[in-house]
Amino acid sequence: MTNENGGTVGRVPPEVVSFLSGKGGRSLIIKGGAGTGKTTFGLELLERLGQPTRSFYLSTRVGDESLYRQFPWLRTTEMRSRILDAAKLFLDTIQATGKVRTAELPDSEQRKIKAGREVLGSFGTEHGPPTRVDRTHLAALLKRSPMPEVENVYTRIERALPEKSLLVIDSLEGVTHKYGLEMEEFVMALQKDLVEASSTDVVMILEKPEAGGIEYLVDGLISIQREELDERRIRHLRLEKLRATNIGRARYAVTLDGGRFEALGVSGAANGKGAAASWTATPDPERLYSTGIPDFDALLGGGLRRGSFNAFEVDVNVGVDDYYMLFTPTFLNFLGQGRGMIAVLAAGESPEKLREALVRYVPAHHFDTRVRIPDYTISETEEPYILPMARFGRDEAMRAMVTAEKAAAGPDRKPFIEYMAFDTFESLMGDQVAIRMYFSGVSRTKHVGNLGIGLLKPGLLVSSEILNMMDTYFRSSTSTTPRASTGSGRGRRSTRSARTP
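Okay, so the sequence shown: first residue is 532 according to the numbering used here, each after it adds one.
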């Protein structure tokens, strides 16, 4: 995905891109504890989504040089012009005006101006985009304490009008503590003056993991958490609120490699509206299928064996979004090569959500014609890719599955993915019937050379029998390192280095 400058925004979740690309201004709070990557994320938003002449980063915590030492990529001429050191802005304002402005209009005049603005606002937006920055709420705060650097930012934003600007403030506590303000009143001033009245996107970084009751004032709220796992730092970004924006995925694993923020599982091709360029498939090695993840392929010696069935066991705390980060590239790598898929989904997985995730990168027509998702809980559907299995008797169900296999293979009879959530059949038919179905399905997969992917959740009665049928076994846990083993369980290898596209 590219912004107006042609730069990629692949490091940023598409929901955030869509949120900050909408009409009018938006306000966003990024919260999290120390070391979670809030500053890095704010700078990434500045570069990836902002325009050089109308995006600004107001830093109150550290000076320019400290930022440049931590983030060397900021030293480019374009990025340096966006970094606004609060201390330097203070001096610039004093030198420009000769003194810090403290006198304001009388209260009676302020009330007249405010009333006039409200009357004009009641007529709607026919007058076009704003050409001046509203300073009503800022003026009220300036009566108590001069804030030259904040005034300076207002002026810079006004110069960019009627074009939309992006302002990143790092941090809210830094500004409010410096001037003895309540955080709520400062956020309200930014929301009313800049976001609502002046069509500015304002991103505010909070130095603590809780917003303390100010989240209701803003349009969006994102939290970043950090935890330790096997002596390694794991970071997650959670989209808690993005007003008027569809949140297709609420949580992303993130990295801060090289001082850059990257949300894993985000393609650089995607755009804010959910469309995308075609998936670039990773070629399959001889007698293997690529997982679509180069690191994972290298770990497996090139990929997964043709005609193999591979079990992925997940811990109770591993969510759908987590294990789909591993499965989705493999699904896309098959679909991107004109192949198909049959998927029996687990409870909590949605056919519609799976389609939405994949058609960002492959043509919707290809998904609808080459993917089949048997749903044993419904008897009616208008979607061509869903099989309403509850309407069929035993013989009809068998014929429906044969038809589904032909659709997945296509006229050229290509191999396809057989994705199976093992808990579905056990809950519907009992463990003994499920075992017989699994044995038949696994045998067919190996015979025709498809790629089998099976999902094992905790508490299944059939787990030990299933593992005896599998060629490769992976285990993903929130408390132990994910492992992979081949055959009888020997030669275990960590899957920790696997990266999604």
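We put the CB at the ideal spot given by N, CA and C, even for glycine.
My parser needs the beta strand (DSSP E) runs of 3 or more residues fully inside the region 729 to 784; what are they? 732 to 737, 751 to 760, 763 to 773
Distance, Cα to Cα, residue 585 vs residue 692? Taking the sequence shown and counting its residues from 1, one reaches residue 585 at position 54. Taking the sequence shown and counting its residues from 1, one reaches residue 692 at position 161. Between the alpha carbons of residue 585 and residue 692 lies a distance of about 9 Å.
When we look at the beta-carbon of residue 909 and count the other beta-carbons within 10 Å, is it buried (16 or more) or exposed? Locating residue 909 in the sequence shown gives position 378, counting from the first residue. Exposed: under 16 other Cβ atoms inside 10 Å.
Beta-carbon spacing of residue 556, residue 709 below 9 Å: The count along the sequence shown starts at 1 and reaches residue 556 at position 25. The count along the sequence shown starts at 1 and reaches residue 709 at position 178. In this structure, residue 709 does not lie closer than 9 Å to residue 556 by Cβ.
First and last residue of the beta strand (DSSP E) that includes residue 844? On the sequence shown, position 313 is the one that residue 844 refers to. Run containing residue 844: 840 to 845, per the beta strand (DSSP E) assignment.
Three-way DSSP call (helix, strand, coil) for residue 985 in this model: Taking the first residue of the sequence shown as 1, we reach residue 985 at position 454. The answer is strand: DSSP assigns residue 985 an E or B state.
Does residue 959 come out as helix, strand or coil in the three-state DSSP assignment? Taking the first residue of the sequence shown as 1, we reach residue 959 at position 428. Helix, per DSSP.
Residues that DSSP places opposite residue 874 in a beta bridge: Indexing the sequence shown from 1 puts residue 874 at position 343. Answer is 950, bridged to residue 874.
At the level of alpha carbons, what is the spacing between residue 863 and residue 899? Translated into positions along the sequence shown, residue 863 becomes position 332. Translated into positions along the sequence shown, residue 899 becomes position 368. The alpha-carbon atoms of residue 863 and residue 899 are separated by roughly 14 Å.
Do you know offhand how far residue 772's Cα is from residue 915's? Working through the sequence shown from its first residue, we reach residue 772 at position 241. Working through the sequence shown from its first residue, we reach residue 915 at position 384. Spanning the two alpha carbons is a distance of roughly 33 Å.
Look up residue 559 in the DSSP assignment and give the residues it is bridged to. Position 28 of the sequence shown, counted from the first residue, corresponds to residue 559. Bridge partners of residue 559 according to DSSP: 734, 751.
Go ahead and pull the three-state DSSP assignment for residue 699. For the purposes of this step, residue 699 is taken as the residue at position 168 of the sequence shown. Strand.
Below 8 Å on the Cβ atoms is my guess for residue 566 versus residue 757; work out the distance and round it to an integer in Å. Your numbering for residue 566 matches position 35 in the sequence shown. Your numbering for residue 757 matches position 226 in the sequence shown. That belief holds up - the Cβ atoms of residue 566 and residue 757 are roughly 6 Å apart, short of 8 Å.
According to the neighbour-count rule (16 or more other Cβ atoms, all chains shown, within 10 Å of its Cβ), is residue 959 buried or exposed? Residue numbering aside, residue 959 sits at position 428 when the sequence shown is read from its first letter. With fewer than 16 other Cβ atoms within 10 Å, it is exposed.
Relative to the C-alpha of residue 948, which residue among 998, 840, 971 is closest? Walking along the sequence shown from the start, residue 948 turns up at place 417. Closest option to residue 948, Cα to Cα, is 840.
Starting from residue 997 and walking both ways along the alpha helix (DSSP H), at which residues does that stretch end? By 1-based counting over the sequence shown, the position of residue 997 is 466. Start and end: 994 to 1000.
With a threshold of 8 Å, are at least 3 pairs of Cβ atoms found where one atom belongs to the region 777 to 797 and the other to the region 848 to 858? Contact check between the region 777 to 797 and the region 848 to 858: three or more CB pairs, one atom from each, fall below 8 Å, which counts as touching.
Taking Cβ to Cβ, would you say residue 587 is nearer than 9 Å to residue 687? On the sequence shown, position 56 is the one that residue 587 refers to. On the sequence shown, position 156 is the one that residue 687 refers to. Using a Cβ distance threshold of 9 Å, residue 587 and residue 687 count as a contacting pair.
Rounded to whole angstroms, what is the Cα-Cα separation between residue 700 and residue 590? Position 169 of the sequence shown holds residue 700. Position 59 of the sequence shown holds residue 590. Taking the straight line from one Cα to the other gives about 6 Å.
Quick check on residue 905: does DSSP put it in helix, strand or coil? Counted from its first residue, the sequence shown places residue 905 at position 374. Reduced to three states, the DSSP call for residue 905 is strand.
Taking 8 Å as the threshold, find out whether the region 786 to 793 comes into contact with the region 856 to 876 through three or more Cβ pairs. Flag = no, the region 786 to 793 and the region 856 to 876 do not touch.
Less than 7 Å between C-beta atoms, sequence neighbours within five positions excluded: which residues of the same chain meet that for residue 815? Taking the first residue of the sequence shown as position 1, residue 815 is located at position 284. Closer than 7 Å at the Cβ level, and outside the excluded window around residue 815, lie 821, 834.
Alpha carbon to alpha carbon, how far is residue 752 from residue 768? Give it in angstroms, no decimals. Looking up residue 768 in the sequence shown gives position 237. Looking up residue 752 in the sequence shown gives position 221. Looking at the two C-alpha atoms, the distance is approximately 11 Å.
If I measure Cβ to Cβ from residue 628 and keep anything under 7 Å in the same chain, skipping five residues before and after, which residues do I get? Within the sequence shown, numbered from 1, the residue matching residue 628 stands at position 97. Residue confidence for residue 628 is low, a pLDDT of 49 falling below 50, so the modelled location carries little weight; the figure read from the coordinates is stated next. If we look at residue 628 and ignore the five residues flanking it on each side, it has no Cβ neighbours.
For residue 974, does the three-state DSSP call read helix, strand or coil? Position 443 of the sequence shown holds residue 974. The three-state reading of DSSP puts residue 974 in helix, counting H, G and I together.
What did DSSP end up calling residue 667 once you bin it into helix, strand or coil? Numbered from its first residue, the sequence shown carries residue 667 at position 136. Three-state DSSP puts residue 667 in a helix.
If residue 520 and residue 580 are in contact, beta carbons under 8 Å, what's the gap, nearest whole angstrom? Given that the chain is displayed from residue 532 to residue 1032, the structure contains no residue 520 and the question cannot be resolved.
Beta bridge counterpart(s) of residue 794 as assigned by DSSP: Counted from its first residue, the sequence shown places residue 794 at position 263. The partner list for residue 794 (beta bridge, DSSP) reads 785.
Burial state of residue 883, where buried means 16 or more other Cβ atoms lie within 10 Å: For this step, residue 883 is matched to residue 352 along the sequence shown. Its Cβ having fewer than 16 others within 10 Å, residue 883 is exposed.
What is the rounded straight-line gap between the Cα of residue 845 and the Cα of residue 998? On the sequence shown, position 314 is the one that residue 845 refers to. On the sequence shown, position 467 is the one that residue 998 refers to. Going from the Cα of residue 845 to the Cα of residue 998 covers about 13 Å.
The region 886 to 903 in contact with the region 928 to 942 per 3-pair CB rule at 8 Å: yes
Status (buried if at least 16 other CB within 10 Å, exposed otherwise) for residue 963: Looking up residue 963 in the sequence shown gives position 432. By the neighbour-count rule (16 or more Cβ atoms within 10 Å), residue 963 is not buried but exposed.
Hey, out of 729, 943, 919, whose CA is closest to residue 689's CA? Numbered from 1 along the sequence shown, position 158 holds the residue referred to as residue 689. Considering only alpha carbons, the answer is 729.
For residue 935, tell me which candidate among 906, 894, 881 has the shortest Cα-Cα distance. Within the sequence shown, numbered from 1, the residue matching residue 935 stands at position 404. Closest option to residue 935, judged by alpha-carbon separation, among 906, 894, 881: 906.
In three-state DSSP terms, what is residue 1006? The sequence position of residue 1006 within the sequence shown is 475, counting from 1. If DSSP states are grouped into helix, strand and coil, residue 1006 belongs with the strands.
Inter-residue Cα distance where the pair is residue 704 and residue 819: Locating residue 704 in the sequence shown gives position 173, where the first residue counts as 1. Locating residue 819 in the sequence shown gives position 288, where the first residue counts as 1. Looking at the two C-alpha atoms, the distance is approximately 54 Å.
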